[in-house]
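S.K.: Just so we're aligned: the sequence shown equals residues 746 to 1219 in my numbering. Yeah, the Cβ is synthetic: ideal placement off N, Cα and C, and Gly gets one too. Here you go, one structure.
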Amino acid sequence: MFVRRSYFGSVLSLCLIAGIPALAQAPAQKHYEPTIASLNTHPLPKWYDDAKLGIFIHWGLYSVPAWAPLQDPEHPADGVGSTPYAEWYYNSMRNPGSPTEKYHKEHYGADYNYYNFAPIFNKEVKKWNPDTMAAIFRDAGAKYVVLTSKHHEGFTLWPSKIPNPNQDHLQASRDIVGELTEAVQKTGLKMGLYYSGGYDWTFDRGPIQTNNDYEAVQPESNAYGKYADAQVEELIERYHPAVLWNDINWPKSGNAMKVEADYYNAVPDGVVDDRFGIQHYDFSSPEYSKLDHISEKKWEECRGVGLSFGWNRAEGDAQTMSSEAVIDLLVDIVSKNGNLLLDVGPQADGTIPEIQQIRLRALGAWLKQNGDAIYGTHPWTRANGTTNQVDAQGKEVELRFTQKDGHLYATLLGKPASSTVLLHNVTAAPGSAIALLGASEQVKWIQKGTDLQVELPAALPGSYAWVLQLQPAK
746 MFVRRSYFGS
756 VLSLCLIAGI
766 PALAQAPAQK
776 HYEPTIASLN
786 THPLPKWYDD
796 AKLGIFIHWG
806 LYSVPAWAPL
816 QDPEHPADGV
826 GSTPYAEWYY
836 NSMRNPGSPT
846 EKYHKEHYGA
856 DYNYYNFAPI
866 FNKEVKKWNP
876 DTMAAIFRDA
886 GAKYVVLTSK
896 HHEGFTLWPS
906 KIPNPNQDHL
916 QASRDIVGEL
926 TEAVQKTGLK
936 MGLYYSGGYD
946 WTFDRGPIQT
956 NNDYEAVQPE
966 SNAYGKYADA
976 QVEELIERYH
986 PAVLWNDINW
996 PKSGNAMKVE
1006 ADYYNAVPDG
1016 VVDDRFGIQH
1026 YDFSSPEYSK
1036 LDHISEKKWE
1046 ECRGVGLSFG
1056 WNRAEGDAQT
1066 MSSEAVIDLL
1076 VDIVSKNGNL
1086 LLDVGPQADG
1096 TIPEIQQIRL
1106 RALGAWLKQN
1116 GDAIYGTHPW
1126 TRANGTTNQV
1136 DAQGKEVELR
1146 FTQKDGHLYA
1156 TLLGKPASST
1166 VLLHNVTAAP
1176 GSAIALLGAS
1186 EQVKWIQKGT
1196 DLQVELPAAL
1206 PGSYAWVLQL
1216 QPAK
């Protein structure tokens, strides 16, 4: 195992302690009250901390037109009303002069109502095979899934018994939530649910056109507060989601603390995000944005494989992360105590576009070889490291560190130009062994001052981002 010198003694002590089994009686299930003090006693479940990779699914009526302009998600060139998020199609099509308004007129006509997509969606979804979808996520190496049960458009993917007072016929013809929950759980993955609490365009239609509208269009009527509370309570009772992922905010006319307390009492090892508008959460949720430091508090980056969460038929390879970039992103996030919630946008019939599946397959293959450096790991004393190597494009091959069970993992982000690699400011204790995940032989190494020099095999296993495992001397 290579470690920084000051850390070596404590690591060995932890290894010795870890080898002693502890006998403890399982505590009685805690009851949570709808107060911040009570909610804050909820511990982060080990399964979520260890999982590292989840799959987000944005799927709804917007999957029928499946279009948005190709722009930076954080800084759309045509302003707020022209987001590159295809799941915002209903809002964007109602912004005068927007690219989406022009697209909608050209393809469907100026008077074509967005909710006319509902019968088309319901016809297409008959073709969907939930087991096929779940297998794709399993093979990608994900440990949990989060599905949009209701997005901002108000269309539900489960047969809700809570009537919408403003609009009828806002449900999928299949119980997508229930069927996918069953399929996902059969593969051994956890199933979570997203709910749009902050926006429902059947209660406050907007549209959102300026930055000021982001808050102004959040419905706060008593009717909506009761509706949102009741729908999420229904989701909890029916499906017991492992993740309760709210978006935007929770209506002030609702009761976020009661919702969360009821959730924890029903699903003690569940987790909630930081978008309920109260001072409690299990993890923060930066969107298309990652941290530059190790966070003591658990976090989870959510982002699409491309520029949009929902499927955007306009996106190609240029707008989609490469397989290597997806791997880099996961490794970087995990080194800083985060999870990656990687989004896919299915077509209306539930088919995941091939451009997205290519990335998922590559990620799954990499994790099959290198998952020991990801699953169940914790941050080291630092996340980042450097080497003396550059790749074929002249980019410096950086390091990311994780640790688990007394082992330190150093992931090379890139393919070194030489098999002799110098890991800067890394020290290995005498007698330590270094392995390359996926390779059969140990790696030769020598200490050069404060740097560690390793000799990689001539034929590297896999195709990208190799992991060195440093094992303590026995």
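Can you tell which of A887, P904, F801 has its C-alpha closest to the C-alpha of G1121?
M.R.: Counting from one through the sequence shown, the residue named residue 1121 turns up at place 376. Nearest option by C-alpha distance: A887.
S.K.: With a CB to CB cut of under 7 Å and the five nearest residues on each side skipped, what residues in its chain are close to Y944?
M.R.: The residue you call residue 944 lines up with position 199 of the sequence shown. So the list reads H897, V962, Q963, I993, once near-sequence residues are dropped.
S.K.: What distance in whole Å lies between the Cβ atoms of D1136 and A1162, which are believed to be in contact at a cut-off of 8 Å?
M.R.: Taking the first residue of the sequence shown as position 1, residue 1162 is located at position 417. Taking the first residue of the sequence shown as position 1, residue 1136 is located at position 391. Indeed, because the Cβ distance is near 7 Å, the residues count as touching under 8 Å.
S.K.: Would V929 and F862 be called neighbours here (beta carbons separated by less than 8 Å)?
M.R.: Residue 929 sits at position 184 when you count from the first residue of the sequence shown. Residue 862 sits at position 117 when you count from the first residue of the sequence shown. It is not a contact, given that the beta carbons lie outside the stated cut-off.
S.K.: Need the endpoints of the alpha helix (DSSP H) that K868 sits in, please.
M.R.: In the sequence shown, counting from the first residue as 1, residue 868 sits at position 123. 862-869 is the span of the alpha helix (DSSP H), which, as asked, contains K868.
S.K.: Kindly indicate which residue of D795, T932, P910, N957 has the alpha-carbon position closest to the one of K1043.
M.R.: Residue mapping note: residue 1043 aligns to position 298 of the sequence shown, counting from 1. Checked all of D795, T932, P910, N957; the closest Cα to K1043 is D795.
S.K.: Alpha carbon to alpha carbon, how far is D1073 from G1051? Give it in angstroms, no decimals.
M.R.: One-based indexing of the sequence shown puts residue 1051 at position 306. One-based indexing of the sequence shown puts residue 1073 at position 328. Spanning the two alpha carbons is a distance of roughly 15 Å.
S.K.: When you compare the stretch 964-977 with the stretch 989-1008, are there three or more beta-carbon pairs, one atom per stretch, that lie closer than 8 Å?
M.R.: In short, these stretches touch, since the Cβ pair count reaches three.
S.K.: Taking Cβ positions only, does E1046 come closer than 8 Å to chain B?
M.R.: Absent here is chain B; the protein component of the structure consists of one chain.
S.K.: Buried or exposed for L768, going by 16 or more other Cβ atoms inside 10 Å?
M.R.: Position 23 of the sequence shown, counted from the first residue, corresponds to residue 768. Below a pLDDT of 50, predicted positions are generally treated as unreliable, and L768, at 41, falls in that range; the measurement from the model is reported next regardless. Result: exposed.
S.K.: Below 8 Å, can you find three or more Cβ-Cβ pairs linking the stretch 1030-1046 to the stretch 1070-1086?
M.R.: Yes, the stretch 1030-1046 is in contact with the stretch 1070-1086.
S.K.: Opposite M936 in the DSSP bridges: which residues?
M.R.: Numbered from 1 along the sequence shown, position 191 holds the residue referred to as residue 936. Paired residue(s): V890.
S.K.: According to DSSP, H852 sits in a beta bridge with which residue or residues?
M.R.: Residue 852 sits at position 107 when you count from the first residue of the sequence shown. In the DSSP output, where bridge partners are listed per residue, H852 has none listed.
S.K.: Kindly indicate which residue of V1012, R1048, G1176 has the alpha-carbon position closest to the one of A1070.
M.R.: Mapped onto the sequence shown, residue 1070 falls at position 325. Answer by Cα proximity: R1048.
S.K.: Between which two residues does the alpha helix (DSSP H) carrying R1104 extend?
M.R.: Here residue 1104 refers to the residue found at position 359 of the sequence shown. It spans 1099-1115 - the alpha helix (DSSP H) in which R1104 sits, taken as one unbroken run.
S.K.: What's the C-alpha gap between A880 and Q976?
M.R.: As a working mapping, residue 880 is identified with position 135 in the sequence shown. As a working mapping, residue 976 is identified with position 231 in the sequence shown. Distance between the alpha carbons of A880 and Q976 is about 29 Å.
S.K.: Spatial neighbours of V988 within its chain, please: C-beta separation below 6 Å, excluding the five flanking residues on both sides.
M.R.: On the sequence shown, position 243 is the one that residue 988 refers to. Same-chain partners within the cutoff: V891, G937, V1016.
S.K.: What do you reckon, are the CB atoms on N836 and G923 nearer than 8 Å?
M.R.: Mapped onto the sequence shown, residue 836 falls at position 91. Mapped onto the sequence shown, residue 923 falls at position 178. No, these two residues do not count as a Cβ contact at 8 Å.
S.K.: DSSP state of A1203, grouped into three classes?
M.R.: Looking up residue 1203 in the sequence shown gives position 458. DSSP places A1203 in coil when its eight states are reduced to three.
S.K.: Give the straight-line distance between the Cα atoms of T1172 and G942, rounded to the nearest whole angstrom.
M.R.: By one-based count along the sequence shown, residue 1172 stands at place 427. By one-based count along the sequence shown, residue 942 stands at place 197. Near 50 Å, if we compare the C-alpha coordinates of G942 and T1172.
S.K.: Residues in the same chain with beta-carbon distance under 8 Å from R883, minus the five sequence neighbours each way, listed in chain order, please.
M.R.: In the sequence shown, counting from the first residue as 1, residue 883 sits at position 138. Excluding sequence neighbours, R883 sits near T932, G933, L934.
S.K.: Quick one: measure Cβ to Cβ for R1145 and A811, integer angstroms, because I've assumed they're closer than 8 Å.
M.R.: By one-based count along the sequence shown, residue 1145 stands at place 400. By one-based count along the sequence shown, residue 811 stands at place 66. Rounded, the Cβ-Cβ distance is 35 Å, inconsistent with contact.
S.K.: Does the separation of the CB atoms of H1169 and K1149 fall below 8 Å?
M.R.: Stepping through the sequence shown from its first residue, residue 1169 is reached at position 424. Stepping through the sequence shown from its first residue, residue 1149 is reached at position 404. No, the pair does not count as a contact, with Cβ atoms beyond the cut-off.
S.K.: Shortest alpha-carbon distance to L1215 belongs to which of Y793, F948, A1118, T901?
M.R.: As a position in the sequence shown, residue 1215 is number 470, starting the count at 1. Nearest C-alpha to L1215: A1118.
S.K.: Within a Cβ cutoff of 8 Å, which residues of the same chain sit near D1088, ignoring the five residues on either side of it in sequence?
M.R.: If you number the sequence shown from 1, residue 1088 lands on position 343. These residues qualify, in order along the chain: I800, F801, I802, H803, C1047, R1048, G1049, V1050, F1054.
S.K.: From L902 to E965, what distance separates their C-alpha atoms?
M.R.: As a first step, residue 902 is located in the sequence shown; it is residue number 157 there, counting from the start. As a first step, residue 965 is located in the sequence shown; it is residue number 220 there, counting from the start. So the two alpha carbons sit approximately 23 Å from each other.
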